[in-house]
Amino acid sequence: GAGVSQSPSNKVTEKGKDVELRCDPISGHTALYWYRQSLGQGLEFLIYFQGNSAPDKSGLPSDRFSAERTGESVSTLTIQRTQQEDSAVYLCASSLDGSGDTQYFGPGTRLTVL
Amino acid sequence: SQQGEEDPQALSIQEGENATMNCSYKTSINNLQWYRQNSGRGLVHLILIRSNEREKHSGRLRVTLDTSKKSSSLLITASRAADTASYFCATARSYNTDKLIFGTGTRLQVFP
């Protein structure tokens, strides 16, 4: 497809379980971003990947959160030992080269931690 | 903390009226962008204005940028019920352009 895709679209998990969220960016986009959005709130930056550079992890809220990216393609966001406050929509975006370019967003994964 | 803050937080208007949303930011920017979000899912890019531009148009959208006041406005003319959404501004800072910093959003409701 031509756009950013994310899976799953919805995830319900029990407190304490680990979850893995996936993002497929637009082909050729070197920059990839993860955001979190709680209900009715703005976007909270989590992590940014740009090419082969070390990722900017400055937005990750705790060491339970981690993310990886394989080259310039798929990225996975992992949340370990999920807590109820982790419930949110997790949005992925990609851009051509990350220099303040337009970002193209995926549809998000709605995570619910019971 | 958020770089951008939108004002108002919520706006309700009738179809056909114009909707104006404002965004203020704190640091020097390379560009400012407006995004739209329906139903709490993915955002869609609307328009980008660079720091050396003052006004830009796209269809029914008009964006202005005042770098001296560190503010921008988004005007939607002749609004439609389908314009109902949340609108976010995002800034690319001039000294670190690799991330966009999103504002808190304006929730627009257009009644038919």
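In the order they appear, the protein sequences are chains A and B. According to the working numbering, the stretch in the first sequence is residues 1 to 114, in order. According to the working numbering, the stretch in the second sequence is residues 1001 to 1112, in order. Note that the Cβ used here is the ideal one computed from N, Cα and C, for glycine as well.
Q: Give the C-beta separation of W34 (chain A) and L43 (chain A) to the nearest angstrom, bearing in mind that I take them to be a contact with Cβ-Cβ under 8 Å.
A: Here the question's residue 34 (chain A) lines up with position 34 in the first sequence. Here the question's residue 43 (chain A) lines up with position 43 in the first sequence. The Cβ separation is near 10 Å, so there is no contact.
**Q.** Proximity test, Cβ basis, 8 Å: Q1002 (chain B) and chain A
**A.** Sequence index remark: in the second sequence, residue 1002 (chain B) carries index 2 (1-based). Its pLDDT being 39, under 50, Q1002 (chain B) is placed unreliably by the model, and the measurement read from it follows with that caveat. The C-beta of Q1002 (chain B) comes closer than 8 Å to at least one C-beta of chain A.
Q) Just by C-beta distance, which residues in the segment 1026-1047 of chain B are closer than 9 Å to chain A? A) Under the 9 Å Cβ criterion, the segment 1026-1047 of chain B contributes I1029, N1030, N1031, Q1033, Y1035, Q1037, G1040, R1041, G1042, L1043, V1044, H1045.
Q | Assigned exposure category for Q84 (chain A) - 16 Cβ within 10 Å defines buried | A | Taking the first residue of the first sequence as 1, we reach residue 84 (chain A) at position 84. By the neighbour-count rule (16 or more Cβ atoms within 10 Å), Q84 (chain A) is not buried but exposed.
Q. L1065 (chain B) and S1072 (chain B): beta carbons closer than 8 Å?
A. Here residue 1065 (chain B) corresponds to residue number 65 of the second sequence, with the count starting at 1. Here residue 1072 (chain B) corresponds to residue number 72 of the second sequence, with the count starting at 1. L1065 (chain B) places its beta carbon less than 8 Å from that of S1072 (chain B).
Q: Find the residues of chain B that neighbour V74 (chain A), judging by a C-beta separation of less than 8 Å, and give them in chain order.
A: The residue you call residue 74 (chain A) lines up with position 74 of the first sequence. For the C-beta of V74 (chain A), not a single chain B residue is nearer than 8 Å; the gap to the nearest is close to 17 Å.
Q: Report the option in A:D56, A:V89, A:D97 whose CA atom is closest to the CA atom of G106 (chain A).
A: The residue labelled residue 106 (chain A) in the question sits at position 106 within the first sequence. Nearest Cα to G106 (chain A) within the set A:D56, A:V89, A:D97: A:V89.
(Q) Can you confirm whether P55 (chain A), when its beta carbon is compared against all beta carbons of chain B, has any partner nearer than 8 Å? (A) Within the first sequence, the letter at position 55 stands for residue 55 (chain A). With a threshold of 8 Å between beta carbons, P55 (chain A) makes no contact with chain B.
Q.
Please tell me whether D1007 (chain B) has its Cβ less than 8 Å away from any Cβ of chain A.
A. Position 7 of the second sequence, counting from 1, holds the residue named residue 1007 (chain B). Output row for D1007 (chain B): interface = no.
**Q.** Backbone secondary structure at Q37 (chain A) - three-state DSSP
**A.** Here the question's residue 37 (chain A) lines up with position 37 in the first sequence. If DSSP states are grouped into helix, strand and coil, Q37 (chain A) belongs with the strands.
Q.
Please state the DSSP three-state secondary structure of Q83 (chain A).
A. As a first step, residue 83 (chain A) must be located in the first sequence, where it is residue number 83. Coil.
Q: Check R1062 (chain B) in the structure and name its three-state DSSP category.
A: Taking the first residue of the second sequence as position 1, residue 1062 (chain B) is located at position 62. Three-state DSSP puts R1062 (chain B) in a strand.
Q) Is the CB of T102 (chain A) under 8 Å away from at least one CB in chain B? A) In the first sequence, residue 102 (chain A) corresponds to position 102, counting from 1. Output row for T102 (chain A): interface = yes.
Q: Determine the closest residue to L1061 (chain B) out of B:Q1037, B:T1104, B:M1021, with distance taken between C-alpha atoms.
A: Reading the second sequence from its first residue, position 61 is the one you call residue 1061 (chain B). Of B:Q1037, B:T1104, B:M1021, the residue nearest in Cα terms is B:M1021.
Q: Report yes if the CB atom of A67 (chain A) is closer than 8 Å to the CB atom of S73 (chain A), and no otherwise.
A: Taking the first sequence and counting its residues from 1, one reaches residue 67 (chain A) at position 67. Taking the first sequence and counting its residues from 1, one reaches residue 73 (chain A) at position 73. Judged by their CB atoms, A67 (chain A) and S73 (chain A) are not nearer to each other than the 8 Å cut-off.
Q. Would the beta-carbon of E72 (chain A) be found less than 7 Å away from any heavy atom of the ligand GTP?
A. The ligand content of the structure shown is nil, which means the ligand GTP is not present either.
Q: Tell me where the beta strand (DSSP E) around K11 (chain A) begins and ends.
A: Locating residue 11 (chain A) in the first sequence gives position 11, where the first residue counts as 1. Element bounds for K11 (chain A): 10-13.
Q.
For the beta strand (DSSP E) containing Q1053 (chain B), name the first residue and the last one.
A. What you label residue 1053 (chain B) is simply residue 53 of the second sequence in a count that begins at 1. First, the residue type needs correcting, since residue 1053 (chain B) is Glu and not Gln in the sequence shown. Unbroken run through E1053 (chain B): none, as it is neither H nor E.
Q. In three-state terms, what does DSSP make of A1081 (chain B)?
A. In the second sequence, residue 1081 (chain B) corresponds to position 81, counting from 1. DSSP places A1081 (chain B) in the helix class (H, G or I) of the three-state scheme.
Q.
Beta-carbon within less than 6 Å of L96 (chain A)'s beta-carbon, same chain only, minus the 5 sequence neighbours each way: which residues are those?
A. Here residue 96 (chain A) refers to the residue found at position 96 of the first sequence. Same-chain partners within the cutoff: H29.
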